[in-house]
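Worksheet: the structure to be examined is printed underneath.
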Amino acid sequence: MNISGCRVGVAVTGSFCTFSKIYKAVQEITAQGAKIIPIFSNSVQSIDSRFGKSADWIKVFSDLSEHPPVFTIQEAEPIGPKNLLDILLIAPCTGNTLAKLANGVTDTPVLMAAKGHLRNNKPVVIFLSSNDSLGSNLKNIGLLMNSKNIYFVPFGQDSPEGKPNSMVSHTEQIIPALEEALDGRQLQPVVKPY
Ligand SMILES: Cc1cc2nc3c(=O)[nH]c(=O)nc-3n(C[C@H](O)[C@H](O)[C@H](O)COP(=O)(O)O)c2cc1C
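Mapping of the sequence shown onto the working numbering: position 7 corresponds to residue 12, and the numbering continues sequentially without gaps.
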């Protein structure tokens, strides 16, 4: 299904090095006619890093939306009961958020958005970005791959020599993965080398 006209939650978590490429992908999502609701994890709201200031990133993502950004668990809570989204993209998704999602923890706005949205039996798409994807988080990837309504943007080892446990999703596969997930399918191949 085409994303044009869809309501896409864009949940941003603290893999700061990916923000510029995720931002370009979200621009393309809006250019293709989707309406986004930005949702920010607590770390994104509080950490300035060498990849930019928190306030600046929040502004540029929020400027892509007509909907006010979601900053708190209270603000995320209506996403389920008011049926605000067709699909939720967690991009980037840290190892931290991935582990919590896989284990039923709901202590950030992003996780509250996912919980509320999943109760409506609708798709969540994960853009993986973690240095321990093939380490302590591999079991969580496996759990989520076997979970109803959870899909992945295809991922691969981005630096097999330098960071052998790291895996990151492919930015150019975000929109195709959303389109497949809207039809209830995982975009394949889900493991795609860099
Ligand atoms: C500069 C910087 C870069 C980071 N990059 C990543 C990353 O790429 N992947 C990841 O899983 N965690 C990364 N982290 C760690 C997360 O930000 C940290 O685990 C945080 O608690 C995540 O919270 P959140 O998932 O609620 O956003 C980074 C932290 C910093 C300060």
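C-beta atoms are modelled at their ideal positions from N, C-alpha and C, and glycine is treated no differently.
Buried or exposed (CB count within 10 angstroms, at least 16 for buried), residue i
{"i": "S25", "result": "exposed"}
{"i": "N145", "result": "buried"}
{"i": "G109", "result": "exposed"}
{"i": "D91", "result": "buried"}
{"i": "N142", "result": "buried"}
{"i": "Y156", "result": "buried"}
{"i": "Q178", "result": "buried"}
{"i": "P86", "result": "exposed"}
{"i": "C22", "result": "exposed"}
{"i": "H122", "result": "buried"}
{"i": "S138", "result": "buried"}
{"i": "F160", "result": "buried"}
{"i": "G100", "result": "buried"}
{"i": "P194", "result": "exposed"}
Close beta carbons around residue i, own chain, < 7 Å, minus the five adjacent residues each side
{"i": "D53", "result": "S59"}
{"i": "V65", "result": "Y28"}
{"i": "L106", "result": "L116, A119, L149"}
{"i": "F201", "result": "This structure gives no information on residue 201, because the portion of the chain shown stretches from 6 to 199."}
{"i": "N170", "result": "N136, D137, S138, L139, G140"}
{"i": "S70", "result": "I41, I42, P43"}
{"i": "P128", "result": "I92, N154, Y156, A186, L187"}
Other residues of its chain near residue i: CB distance less than 6 Å, five sequence neighbours each side excluded
{"i": "P181", "result": "L192"}
{"i": "K168", "result": "N136"}
{"i": "A30", "result": "T176, I179"}
Residue i Cβ short of 7 Å to ligand 1 heavy atom set
{"i": "G19", "result": "yes"}
{"i": "F56", "result": "yes"}
{"i": "C22", "result": "yes"}
{"i": "V196", "result": "no"}
{"i": "I146", "result": "no"}
{"i": "V13", "result": "no"}
{"i": "S9", "result": "no"}
{"i": "N108", "result": "no"}
Proximal residues to residue i (C-beta, below 8 Å), its chain only, five neighbours per side dropped
{"i": "D163", "result": "S171, M172, V173, Y199"}
{"i": "N47", "result": "T113, P114"}
Could you tell me whether the region 162 to 176 touches the region 131 to 138, using the rule of 3 or more Cβ pairs below 8 Å? yes
Pairing CB atoms from the region 89 to 107 with CB atoms from the region 9 to 16, are three or more of them under 8 Å? yes
Please specify which runs of the alpha helix (DSSP H), each continuous and at least 4 residues long, are wholly inside the region 17 to 87, giving them in chain order. 24 to 36, 47 to 51, 59 to 67, 78 to 81
My parser needs the alpha helix (DSSP H) runs of 4 or more residues fully inside the region 109 to 197; what are they? 114 to 124, 143 to 150, 179 to 187
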